[in-house]
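Asks: Next up is a structure, given as structure tokens.
Numbering (the working numbering), first residue to last: 102 to 368.
Okay, here's the thing in structure tokens:
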């Protein structure tokens with residue numbers, strides 16, 4: 102108990118506001134084809150929110166097995182390896198620094214990259230489901246943002262120079278930031294930029310909650326919009342919440358929409 106009280110005192114002395122947690126010091130635990138992943142431990146988590154929009158209801162518990170998620174959003178350099186290996190289209194915006202997240206990628210292209218990534222490994226790779234994405238972003242405690250409950254500009258890239266939150270680009274970036282630019286915004290699993298920078302595709306159809314993986318929403322051939330999470334450099338703080346969700350048409354390519362991948366050991 103004495104050690105716990107000392108830690109609380111030190112956090113207050115260091116200036117951490119109430120409701121905000123220390124950034125996770127979790128390093129990459131897995132590398133597949135040069136791409137780093139962090140582990141998300143098995144167990145239950147709280148999905149959805151009763152303080153957001155109607156499509157985030159009902160709040161419910163989902164239990165997932167162990168899996169891994171990419172440490173950062175997939176970068177231009179990482180995606181370019183896929184382009185060179187397969188002859189697929191090179192996205193617009195690829196002239197930016199290679200460590201920036203790749204954007205202007207449709208849902209089909211994101212799915213193809215993630216499937217390709219693990220082909221020469223012992224892991225099955227793909228786009229994260231909504232449940233996998235949200236658990237990696239908020240952990241088992243149902244926090245509002247990946248780092249805790251309090252909004253903090255040093256932990257995410259959001260609100261570009263002509264939008265609501267950083268009219269002078271005071272976060273340091275007018276649009277995308279290189280992967281790993283916001284280490285203080287790490288999620289409980291150690292994943293970076295899960296709030297802001299670019300919005301992220303998930304594998305799931307944008308269907309009402311509760312989330313049920315076996316009800317057809319994970320059918321890759323089904324028609325319909327796919328769920329997107331994470332918010333971007335263009336968005337306000339509301340969109341950064343881990344539970345925030347909406348659907349986009351699968352052919353869409355836009356400059357603030359990217360993705361990350363997940364991996365599970367093959368049985």
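Glycine included, C-beta positions come from ideal geometry on N, C-alpha and C.
Run through DSSP, which three-state label would residue 339 get?
Replies: DSSP places residue 339 in the helix class (H, G or I) of the three-state scheme.
Asks: Please state whether the Cβ-Cβ distance between residue 204 and residue 362 is less than 8 Å.
Replies: no
Asks: Report the partner residues of residue 179 according to the DSSP bridge assignment.
Replies: In the DSSP output, where bridge partners are listed per residue, residue 179 has none listed.
Asks: What is the rounded straight-line gap between the Cα of residue 143 and the Cα of residue 164?
Replies: 7 Å
Asks: Of all the options 258, 331 and 241, which has the alpha carbon lying nearest to the alpha carbon of residue 380?
Replies: Outside the modelled stretch of the chain, which goes from 102 to 368, sits residue 380, for which no answer is possible.
Asks: How many Å lie between residue 274 and residue 258 at the Cα?
Replies: Rounded to whole angstroms, the separation of the alpha carbons of residue 258 and residue 274 is 7 Å.
Asks: How big is the Cα-Cα spacing for residue 134 and residue 179?
Replies: The C-alpha of residue 179 is placed about 9 Å away from the C-alpha of residue 134.
Asks: For residue 131, I'd like the list of residues in its chain whose CB is within less than 6 Å of its CB, leaving aside the five on either flank, ordered along the chain.
Replies: 138 and 169
Asks: Would you mind giving the Cβ-Cβ distance between residue 230 and residue 305, rounded to the nearest angstrom? I have them listed as a contact below 8 Å.
Replies: 5 Å
Asks: May I have the straight-line CA-CA distance separating residue 157 from residue 147, to the nearest angstrom?
Replies: Counting only the Cα atoms, residue 147 lies some 11 Å from residue 157.
Asks: When the Cα atoms are used, what is the spatial distance from residue 183 to residue 358?
Replies: 18 Å
Asks: Tell me whether the region 306-323 and the region 284-297 touch, counting them as touching only if at least three CB pairs, one residue from each stretch, are closer than 8 Å.
Replies: no
Asks: So who's on the other strand from residue 202, going by DSSP bridges?
Replies: 176
Asks: Near residue 177, which residues of its chain fall below 6 Å by C-beta distance, leaving aside the five closest residues on each side in sequence?
Replies: 195, 199, 201 and 203
Asks: Given that a residue counts as buried once 16 or more other Cβ atoms are within 10 Å of its Cβ, and exposed if not, what is residue 246?
Replies: Counting Cβ neighbours within 10 Å, residue 246 comes out buried, since at least 16 surround it.
Asks: Quick test of your reading: residue 371 and residue 297, contact by CB under 8 Å. State the CB separation rounded to the nearest angstrom.
Replies: The shown model of the chain, from 102 to 368, leaves out residue 371, and the question about it has no answer.
Asks: Quick one: Cα of residue 340 to Cα of residue 243, how far?
Replies: 16 Å
Asks: Ordered along the chain, which non-local residues of its own chain (more than five positions away) have a Cβ less than 7 Å from that of residue 187?
Replies: 217
Asks: What is the DSSP secondary structure of residue 235, reduced to helix, strand or coil?
Replies: helix
Asks: Is the beta carbon of residue 141 closer than 8 Å to that of residue 236?
Replies: yes
Asks: DSSP three-state label for residue 351, please.
Replies: coil
Asks: What is the rounded straight-line gap between the Cα of residue 366 and the Cα of residue 223?
Replies: Near 6 Å, if we compare the C-alpha coordinates of residue 223 and residue 366.
Asks: With DSSP as the reference, label residue 184 as helix, strand or coil.
Replies: helix
Asks: Alpha carbons only, please: which of 220, 355 and 326 is nearest the one belonging to residue 346?
Replies: 326
Asks: Once the 5 residues before and after residue 310 are set aside, which same chain residues still bring their CB inside 8 Å of it?
Replies: 148, 149, 156, 157, 158, 159 and 161
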